[in-house]
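Below is one structure, written out as structure tokens; comments come after it.
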Amino acid sequence: MSMKKILVPMDGSKISLEAADEAVELAKKLGSEVTFLSVVENRLPFYDTTAVPERFAQKQSERQKETSMEFEKMLNGLVRKYENSGVEINKRILVGAIDQKIEEIVNNEAFDLIITGRKGFSSVNVSWSPRRLKKALNPHFALY
-15 MSMKKILVPM DGSKISLEAA DEAVELAKKL GSEVTFLSVV ENRLPFYDTT
35 AVPERFAQKQ SERQKETSME FEKMLNGLVR KYENSGVEIN KRILVGAIDQ
85 KIEEIVNNEA FDLIITGRKG FSSVNVSWSP RRLKKALNPH FALY
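Just so you know, the sequence shown maps onto residues -15 to 128 in the numbering used here.
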């Protein structure tokens, strides 16, 4: 079986950075490309009404921009770190629920392998699991 596309969810934790190293080393051996993915969470509180207080929405927007900038710096650093590795390195930053965005990108871009740390900084929904992804989307999954 061919492993041409490897996805590595990145949150900046030590374990996610170690997973990135492992993914690039594996990609060298397999001739694969690696995509580093960071997801900026956009959690909104539940209100009985449809309106979210303007002040909260503004703070949420500011936090998302700051987080996006931090992820951009981290991913740019990873691209520079591996630029001479001989591996095609891609980066993506998405906004939304982490579990949903990972599932979407795996489904839409046909990744063959996901390499991720067992536990990082992110609060991934329990419903996102290797078993769920394997059943729904059929990629191979490696926990680091």
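Built from N, CA and C at the ideal position, the CB exists for glycine as well.
A contact is defined here as three or more CB-CB pairs under 8 Å, and the segment -15 to -7 meets this definition with respect to the segment 3 to 22. Residue pairing by DSSP places residue 74 opposite 19 in a beta bridge.
By the Cβ-count criterion, residue 58 is buried, with 16 or more other Cβ atoms from all chains shown falling within 10 Å of its own Cβ.
The continuous alpha helix (DSSP H) containing residue 85 extends over residues 82 to 93. For residue 19 and residue 45, the gap between their C-alpha atoms comes out near 26 Å.
Here residue -11 carries a strand assignment [DSSP, helix/strand/coil]. With a 10 Å radius around the Cβ and a threshold of 16 neighbouring Cβ atoms, residue 85 comes out buried. Taking the C-beta atoms as reference points, residue 76 is found nearer than 7 Å to residue 21. Spanning the alpha carbons of residue 68 and residue 61 requires a straight line of approximately 13 Å.
Between residue 23 and residue 41, the alpha-carbon positions lie close to 18 Å from each other. If you compare the alpha carbons of -14, 37, 79 and 74 with that of residue 48, the shortest gap goes to 79.
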